[in-house]
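Visitor: The structure is given below, and queries will be raised subsequently.
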Amino acid sequence: MTPDWLPNLFICGVPKAGTSSLHRWLSDHPDAFGALDKEARFFMDPGGHIHRPDFNIANGLEGYRSQFPIPRGAAPRVILDSTPAYIYQQTALDHLPELPGQPRCIFVLREPASQILSLFNYFQNNWSWIPAGMGFGDYLRAIEDGSHDFSGNELARDALTNAAYVDFLRPWRDRLGKGRMFVCTFDELRRDAPALTRRIAQWAGLDPSFYDSHDFVSENESYVPRSRGLQNLNIALRERLPKGVLYRGLRGVYRRLNTTRPPAQPDPDQHLARLRDRFAPANAALAAEFGLDLSGWG
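Numbering of the sequence shown is given in our numbering, commencing with residue -12 and proceeding in unit increments.
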């Protein structure tokens, strides 16, 4: 028997492709329930920077339940965990397809060059994994020659490998089958968020008409802190605070007071053009094998 709290829908990828926004929009549905922490991170490989030894499938499934405090009497049709790093985790690949209830998995993909640039801005400014003085070109060179470990953040270190999405989606397709995978792009999300969310809702078993009048507020956008000292304090505190309405309110105040948009990177076009050339073969295979229109990724 499938536990009544166990997720039956996962957003498994990829980082910096709108997954925080999609998680919130799906969780807003009256027949859905999202994990207490958007990224529950329960099926992470040992050794990664967001692996939690005390909260992991290696200890059994029951510990996972704390992320889903579903109110007594509620019976959501969809229970959601959105951890976009799952796409890269062997632990997730081993366990998610075999969970009771045959859960479904969503993969939102972003044009690789843009995704890597967004990842760079996010890890450098929203966090501090990438040194503040490192430019985008220096970051790419550091990845290629392995000269920096980015304080153990494997998503920052492996960004070039991870952006060849087709290499990771093939094993998921082998385990899940096409019917339990929904593969889409960040382009679709930006172009018409209501339409894509309605499609996903219907595929997941939710009434899509809820989104006819929904307010599609974006989440987790990259920024630059005005004061690095305040940002360091923010980083130290925010993982310890319970998530909820108060947390989101405090986050909004902080971002109004201490953040601004990331500046343009020096000579971004030459780096982005080189990245687009690099990923062209992988993107062509991705489009052919998963039926995606990637014409805007050229």
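Glycine included, C-beta positions come from ideal geometry on N, C-alpha and C.
Note that this is a predicted model, so its numbers are computed, not measured.
Give me the DSSP bridge partner(s) of Phe94.
Guide: Your numbering for residue 94 matches position 107 in the sequence shown. Answer is Gly0 and Val170, bridged to Phe94.
Visitor: Buried or exposed for Ile74, please, with buried defined as at least 16 other CB atoms from any protein chain shown within 10 angstroms of its CB.
Guide: Translated into the one-based positions of the sequence shown, residue 74 becomes position 87. Buried, since its Cβ has 16 or more Cβ neighbours within 10 Å.
Visitor: By how many angstroms is the C-alpha of Asp(-9) removed from the C-alpha of Leu147?
Guide: What you label residue 147 is simply residue 160 of the sequence shown in a count that begins at 1. What you label residue -9 is simply residue 4 of the sequence shown in a count that begins at 1. Computed Cα separation, rounded: 39 Å.
Visitor: Quick test of your reading: Asn113 and Ile66, contact by CB under 8 Å. State the CB separation rounded to the nearest angstrom.
Guide: One-based indexing of the sequence shown puts residue 113 at position 126. One-based indexing of the sequence shown puts residue 66 at position 79. Actually they are not in contact, since the Cβ atoms of Asn113 and Ile66 sit about 27 Å apart, beyond 8 Å.
Visitor: Return yes when the Cβ of Phe197 is within less than 8 Å of the Cβ of Pro56, no when it is not.
Guide: Within the sequence shown, numbered from 1, the residue matching residue 56 stands at position 69. Within the sequence shown, numbered from 1, the residue matching residue 197 stands at position 210. It is not a contact, given that the beta carbons lie outside the stated cut-off.
Visitor: Could you have a look at Thr(-11) and say whether DSSP puts it in helix, strand or coil?
Guide: Indexing the sequence shown from 1 puts residue -11 at position 2. Looking at Thr(-11) - three-state DSSP - the assignment turns out to be coil, as it is neither helix nor strand.
Visitor: Would you kindly check if the distance between the Cβ of Lys25 and the Cβ of Tyr109 is under 8 Å?
Guide: Numbered from 1 along the sequence shown, position 122 holds the residue referred to as residue 109. Numbered from 1 along the sequence shown, position 38 holds the residue referred to as residue 25. No. Outside cutoff.
Visitor: Since Pro63 contacts Leu262 with CB under 8 Å, what's their CB separation in whole angstroms?
Guide: Residue numbering aside, residue 63 sits at position 76 when the sequence shown is read from its first letter. Residue numbering aside, residue 262 sits at position 275 when the sequence shown is read from its first letter. No, Pro63 and Leu262 are not in contact; Cβ-Cβ is about 40 Å, not under 8 Å.
Visitor: Which residues in the same chain as Val170 place their Cβ atom closer than 6 Å to its Cβ, once the five residues preceding and following it in sequence are excluded?
Guide: Along the sequence shown, one-based indexing puts residue 170 at 183. Here the set comprises Phe94 and Phe277.
Visitor: Counting only the same chain and skipping the five closest in sequence on each side, list residues whose C-beta sits under 6 Å from that of Ser69.
Guide: Taking the sequence shown and counting its residues from 1, one reaches residue 69 at position 82. Once the five neighbours on either side are set aside, the close Cβ partners of Ser69 are Ile(-2), Thr6, His10 and Lys25.
Visitor: Taking DSSP as the reference, what is the three-state secondary structure of Ala151?
Guide: Residue numbering aside, residue 151 sits at position 164 when the sequence shown is read from its first letter. In this structure, Ala151 counts as coil in the three-state DSSP scheme.
Visitor: At what residues does the alpha helix (DSSP H) containing Ala79 begin and finish?
Guide: Taking the sequence shown and counting its residues from 1, one reaches residue 79 at position 92. That run of the alpha helix (DSSP H) goes Gln77 to His82.
Visitor: For Glu131, does the count of other Cβ atoms within 10 angstroms reach 16, so buried, or fall short, so exposed?
Guide: In the sequence shown, residue 131 corresponds to position 144, counting from 1. Glu131 should be labelled exposed.
Visitor: Between Phe30 and the ligand COA, is there a pair consisting of the residue's CB and a ligand heavy atom that are separated by less than 7 Å?
Guide: The ligand COA is not part of this structure, which contains no ligands at all.
Visitor: If you reduce the DSSP assignment to three classes, tell me which class Leu67 lands in.
Guide: The residue given as residue 67 occupies position 80 in the sequence shown. The three-state secondary structure of Leu67, taken from DSSP, is strand.
Visitor: Am I right that Val1 and Leu96 are in contact with their C-beta atoms under 8 Å? What's the rounded C-beta distance?
Guide: By 1-based counting over the sequence shown, the position of residue 1 is 14. By 1-based counting over the sequence shown, the position of residue 96 is 109. Correct: roughly 6 Å between the Cβ atoms.
Visitor: Judging by CA-CA distance, which residue of Gly283, Arg162, Gly21 and Ala61 is the nearest neighbour of Arg178?
Guide: Locating residue 178 in the sequence shown gives position 191, counting from the first residue. Nearest C-alpha to Arg178: Gly283.
Visitor: Beta strand (DSSP E) containing Pro21: first to last residue?
Guide: The sequence position of residue 21 within the sequence shown is 34, counting from 1. Checking the sequence, you will find Gly at residue 21 rather than Pro. Segment Ala19 to Gly21, the beta strand (DSSP E) holding Gly21.
Visitor: How many Å lie between Leu13 and Leu193 at the Cα?
Guide: As a position in the sequence shown, residue 13 is number 26, starting the count at 1. As a position in the sequence shown, residue 193 is number 206, starting the count at 1. Looking at the two C-alpha atoms, the distance is approximately 9 Å.
Visitor: Within 10 angstroms of its Cβ, does Leu48 collect 16 or more other Cβ (buried), or is it exposed?
Guide: Position 61 of the sequence shown, counted from the first residue, corresponds to residue 48. Exposed: under 16 other Cβ atoms inside 10 Å.
Visitor: Going by alpha carbons, who is nearest to Pro158 out of Asp145, Leu104 and Gln77?
Guide: The count along the sequence shown starts at 1 and reaches residue 158 at position 171. Minimum Cα distance to Pro158 is reached at Gln77.
Visitor: Take Gly88 as the anchor and find which of Ala274, Leu163 and Ala271 has the nearest alpha-carbon.
Guide: In the sequence shown, counting from the first residue as 1, residue 88 sits at position 101. Comparing Cα-Cα distances from Gly88 to each of Ala274, Leu163 and Ala271, the minimum goes to Leu163.
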